[in-house]
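Written out below as C-alpha cells is the structure these notes cover.
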Amino acid sequence: MHIDEVIQLDSYSIAKEQKQEILLEQLNKLTLHHRHKCPAYDRLLAAHGVSNNPVTEIRDFFPLPVRLFKEFDLRSCELEEVIKTMTSSGTTSQRVSRIFLDRDTARYQSKVLVRIIQHYLGKQRLPMLIVDTSAILQDRKMFSARGAGILGLSTFGRDHTYVLDEDMQIDFELLNSFLEKYKDEKVFIFGFTFMIWQYLYQPLLESGKKIHLENGVLIHSGGWKKLIDQAVDNETYRAALRVQTGLSRIHNFYGMVEQVGSIFMECDCGFLHAPTYADVLVRDFLSFDPVPFGQEGVIQVLSVLPHSYPGHSLLTEDVGVIVGEDDCPCGKKGKYFSIKGRIAQAEIRGCSDAHAFDKR
Amino acid sequence: MNNKEKLITTFCDALGIEQAVATGELEYNSISEWDSVAHMALIAKLEQEFDIMLDTDDIIDMSSINKAEEILARYDVVF
Chain W
411 MHIDEVIQLD SYSIAKEQKQ EILLEQLNKL TLHHRHKCPA YDRLLAAHGV SNNPVTEIRD
471 FFPLPVRLFK EFDLRSCELE EVIKTMTSSG TTSQRVSRIF LDRDTARYQS KVLVRIIQHY
531 LGKQRLPMLI VDTSAILQDR KMFSARGAGI LGLSTFGRDH TYVLDEDMQI DFELLNSFLE
591 KYKDEKVFIF GFTFMIWQYL YQPLLESGKK IHLENGVLIH SGGWKKLIDQ AVDNETYRAA
651 LRVQTGLSRI HNFYGMVEQV GSIFMECDCG FLHAPTYADV LVRDFLSFDP VPFGQEGVIQ
711 VLSVLPHSYP GHSLLTEDVG VIVGEDDCPC GKKGKYFSIK GRIAQAEIRG CSDAHAFDKR
Chain C
2 MNNKEKLITT FCDALGIEQA VATGELEYNS ISEWDSVAHM ALIAKLEQEF DIMLDTDDII
62 DMSSINKAEE ILARYDVVF
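Top line first, the protein sequences correspond to chains W and C.
Under our numbering, think of the first position of the first sequence as 411, with each following residue one higher.
Under our numbering, think of the first position of the second sequence as 2, with each following residue one higher.
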C-alpha cells in the first residue's frame, strides 16, 4: 500500500491483525529509506547489530531515543528540500530537538491530523478560541512546537481569536465579545495543558469569574509535568475547568514534535488512542523488553508519517501503561493507554546507556 | 473583474506576491511566501472575498492555485 492510501484510511476502525500488516509494511519501508538517506541513522543501527532484513513484529523496530534529535541533525532528505524546521519547546537548560520537514512529510502530517481531529470536531470549521498569544507565530521558518501545534489545529477553526495578550494576560474584552458572538454555536478551544490552567483557569478562579463554554470542545496538549508538580491530574483538571468554564467536552492529546500529525487523542472514556497510522509499545525500564498490558514502562511510539527524518520509531522519555487493544468502551479500535509521568532527568544516549535510568 | 482575476488578486494580496508569480501551477510550500502561516491568512481572505466557508478537507487539499479554483467551483463560484 502506498503511504498516500494509508493516510486516507479511517483513524479508528481497523482491527489489530490488519493494522499490524499495514504498519509492518510501512515501517519496514521507512527503516530502509532512512538507512539509505541518513548515514548517521544507518551507522547507529549497524552499531546496534540491526540487520537490513524486514522485521516481522512491531516490537522489533529499533526504538531511536528521541534525545538524539537534540544532539544531532538527523535528516533523510536533501537540505534544499527542507521547507520547515521544527523545534521542541526546550525546557530549562536542555537543548531543543530539530526536526526537518520536506513537502511530503508536512503534507502527510496535515492530512492525518485532519482525519483524526474530524472524529472529534466534525468537518465544519468552528469559531476558535486559542488560549495563547498571537506573538507565538512570529518566526515563520523556525517553528517552536507551540507555534506548530497552534497552526496545525487552526485548520479546524475560523475567526481565530487569541485570548491572551503578549504578557499572557486574558484580554477580557476580546474574550467576552467572542463568547457573546458565538453564544449559541459550537466552538472549538485549543491551548496547551499547562497554559490553560495557569493563564485561563487560575485568573478566572482568582477573580471569581465564570465563563460560558458549555457548547465548546476543548482540545489540549503539551504535557503534564508542571501540573503533576502541583498535584493536578487529569480528573482534577477536567472537574475544575468544568466548574469555571462549563466545558464538559475536553480532549487531551499525547504527541510530540518528533511525530507531528499521528497524535494520540483522549477518548470519552479518558484513554489515549493510537490511530491507524501509529502504534504504541511500553518497554521495561531495565531490560527494554515490551511489557504486558497493564504494566508501566517507557513508551515507544511508531508512526508511518516521518519520511524526511528518521523518526518513525522512537523511544520517548515518558512513562505509561497500555490498558488494552481494540476493546475500549468508547468503540474506537487500536491500543489505548495512559501516561504516568516522565523518566526523571532522562538523558538517554542510546540503548546501552538507557537502562541506567530509574523511574522516579 | 471576473472570478479568475479575483482569485489571482486574492492570492497576491494574501501572500504578498506579484501577479507574475501567481500562475495556476503555483504550489503550496513551493515559495516561502506561501507557507502554513500564510495559508491560514489566505483561507480567511478567500472566504471573505467569495463569501464562502471552506471545510477542513478543502483547506488541506488546496495545494495549488488551480486546485483552489477547482475547490471554489464546488462552492458555486463560477469561473
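Beta carbons are placed, not taken as given, at the ideal position from N, Cα and C, and that holds for glycine.
Quantities reported herein were computed from a predicted structural model and do not represent experimental measurements.
Residue-level contact by beta carbon holds for residue 37 of chain C and chain W, with a gap shorter than 8 Å. Residue contact with chain C for residue 546 of chain W: absent (no Cβ-Cβ distance below 8 Å to any residue of chain C). Put simply, the backbone Cα of residue 491 of chain W is about 14 Å away from that of residue 484 of chain W. Within the model, the alpha-carbon separation for residue 729 of chain W versus residue 705 of chain W is close to 10 Å. Close to chain W, meaning a Cβ-Cβ distance shorter than 7 Å, are the following residues of the segment 58-77 of chain C: 58, 60, 61.
According to the DSSP secondary-structure assignment, residue 709 of chain W is paired through a beta bridge with W/692.
Considering only W/614, W/494, W/505, the residue with the shortest C-alpha distance to residue 557 of chain W is W/494. In this structure, residue 29 of chain C and residue 53 of chain C do not form a Cβ contact; the two beta carbons are roughly 19 Å apart against a cut-off of 8 Å. For residue 535 of chain W, a Cβ of chain C is located within less than 8 Å of the residue's own Cβ. Residues of the segment 504-530 of chain W with a C-beta atom less than 7 Å from some C-beta of chain C are 513, 516, 520, 521, 524, 528, listed in chain order. Residue-level contact check: residue 56 of chain C touches chain W, since one or more beta carbons of chain W fall below 8 Å from its beta carbon. Residues of the segment 554-567 of chain W whose Cβ lies closer than 7 Å to any Cβ of chain C, in chain order: 561, 564, 565, 566. For residue 683 of chain W, the beta-bridge partners assigned by DSSP are W/675, W/746. Per the C-alpha coordinates, the member of W/509, W/650, W/738, W/580 positioned closest to residue 544 of chain W is W/580. Using beta-carbon distances, residue 2 of chain C does not count as an interface residue toward chain W, since no partner is under 8 Å. Distance between residue 682 of chain W and residue 36 of chain C, taken at the CA atoms: about 31 Å.
Within chain C, no C-beta atom comes less than 9 Å from the C-beta of residue 424 of chain W; the nearest is roughly 20 Å away.
When the Cα atoms are used, residue 636 of chain W and residue 725 of chain W turn out to be separated by approximately 22 Å. Taking C-beta atoms as the reference points, residue 475 of chain W and residue 723 of chain W fail to come closer than 8 Å. In the DSSP annotation of this structure, the continuous segment of the beta strand (DSSP E) that includes residue 537 of chain W starts and ends at 536-541. Contacts with chain C at 8 Å (Cβ-Cβ) include residue 493 of chain W. A straight-line Cα-Cα distance of about 18 Å links residue 433 of chain W and residue 668 of chain W. Secondary structure at residue 580 of chain W: strand, using DSSP grouped into helix, strand and coil. Rounded to whole angstroms, the Cβ separation of residue 573 of chain W and residue 597 of chain W is 12 Å, and the two are not in contact under 8 Å.
Excluding residues up to 5 positions away in sequence, nothing lies with its Cβ nearer than 6 Å to the Cβ of residue 524 of chain W in the same chain. If you compare the alpha carbons of W/627, W/586, W/591, W/590 with that of residue 601 of chain W, the shortest gap goes to W/627. DSSP places residue 14 of chain C in the helix class (H, G or I) of the three-state scheme.
For residue 59 of chain C, the uninterrupted alpha helix (DSSP H) run begins and ends at 57-62, by DSSP. Every alpha helix (DSSP H) of 4 residues or more that sits fully in the segment 620-679 of chain W is shown, in chain order, as 635-639, 644-655.
Taking the Cα of residue 514 of chain W as reference, the smallest distance to any Cα among W/487, W/599, W/481, W/532 is reached at W/487.
At the C-beta level, residue 715 of chain W and residue 519 of chain W come within 8 Å of one another. In the three-state reduction of the DSSP assignment, residue 546 of chain W falls in the helix class.
Three or more Cβ pairs drawn from the segment 674-694 of chain W and the segment 734-752 of chain W lie within less than 8 Å of each other, which places the two stretches in contact.
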